[in-house]
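Peer 1:
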Amino acid sequence: MKRLALIFFILGCVRAYGQCDQFVQQECSPLLGTYNSEGKRNIAVLLPGDTAQLGVTFYKTHSYRIVVCAEQALGKVEFRLLDNLGKVLFDSKQHNYPKYWDFKTQLTQNLLIQLIVPSVPPNQVAQTGCVAVLLGFKKAGGQ
202 MKRLALIFFI
212 LGCVRAYGQC
222 DQFVQQECSP
232 LLGTYNSEGK
242 RNIAVLLPGD
252 TAQLGVTFYK
262 THSYRIVVCA
272 EQALGKVEFR
282 LLDNLGKVLF
292 DSKQHNYPKY
302 WDFKTQLTQN
312 LLIQLIVPSV
322 PPNQVAQTGC
332 VAVLLGFKKA
342 GGQ
C-alpha cells in the first residue's frame, strides 16, 4: 500500500512539472523578447505563503531581463532582487508587479532573486501553482 501511494505521489509530481513546463513554454518564454535565454528554466510548484530564492551571477558586460511568471491561482507573485548584503535593489511590488524587469549591472556580482507568493485567508482553499524565473541577456552592443 505504501509503495502504491509513493508511485501515485511520484506520478503526480511528474505530471505537475510537465504541466509547469508547458505553462513556461507558452506563457513565460515569449516574455524574453529579444533577450537570449541563459538556458535554464527555474521552475517551482509553490503554495500561497511560500517564498523561494535563486542565486545568480550577473556580469557587467551584459544587459539582463528577469522574467517571473506565475499561474493565476497564486495571485500576484512579488519578486525582489537583493545584493549580497540583503539590500533590495528592485521590488516588483513597488512597480505594480511587472512580469519582467530589464537592467544592467555596473559590476560583476552575485545577486539573489527572491519570490514571495501572497498568502490566502484561512477560510480559502490554498491551491498550488507553477512559478518560473527565466533570465535573458544581451552582451554589450546588443548581441
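Just so we're aligned, residue 202 is where the sequence shown starts under our numbering, counting upward by one.
Idealized CB from N, CA, C, for every residue including glycine.
When burial is assigned at 16 or more other CB atoms within 10 Å of the CB, is S320 buried or exposed?
Peer 2: With fewer than 16 other Cβ atoms within 10 Å, it is exposed.
Peer 1: So what does DSSP say about A333, is it helix, strand or coil?
Peer 2: Looking at A333 - three-state DSSP - the assignment turns out to be strand.
Peer 1: Given S238, which residues of its chain have a CB within under 7 Å of its CB, disregarding the five upstream and five downstream residues?
Peer 2: Cβ within range, chain order: L335, G337.
Peer 1: Among V332, A341, L290, K261, which residue has its Cα nearest to the Cα of L275?
Peer 2: Residue V332 is the option with its Cα nearest to L275.
Peer 1: Report, in whole angstroms, the separation of the C-beta atoms of T306 and K277, which I expect to be a contact under 8 Å.
Peer 2: Actually they do not touch by this definition, with Cβ atoms about 26 Å apart.
Peer 1: Which value, in whole angstroms, describes the spacing of the CA atoms of Q315 and Q295?
Peer 2: So the alpha carbons of these two residues sit roughly 14 Å apart.
Peer 1: For my contact list, F280 and S293 are in at a C-beta cut-off of 8 Å; report their separation, rounded to the angstrom.
Peer 2: Contact flag correct, Cβ pair sits at about 5 Å.
Peer 1: Tell me, to the nearest whole angstrom, how far the beta carbon of L313 is from that of L286; I am working on the premise that it is less than 8 Å.
Peer 2: In fact, because the Cβ distance is near 10 Å, the residues do not count as touching under 8 Å.
Peer 1: Hey, quick one: how far does the beta strand (DSSP E) through D303 stretch, first residue to last?
Peer 2: First-last of the beta strand (DSSP E) with D303: 301-305.
Peer 1: In whole angstroms, what separates the C-alpha of K203 from that of P299?
Peer 2: Annotation note: pLDDT 43 at K203 (below 50); position unreliable, coordinate value reported separately. Taking the straight line from one Cα to the other gives about 44 Å.
Peer 1: DSSP three-state call for M202: helix, strand or coil?
Peer 2: Low per-residue confidence applies at M202: pLDDT is 46, beneath 50, and the placement is therefore not dependable, though the value from the model is reported in the following sentence. In this structure, M202 counts as coil in the three-state DSSP scheme.
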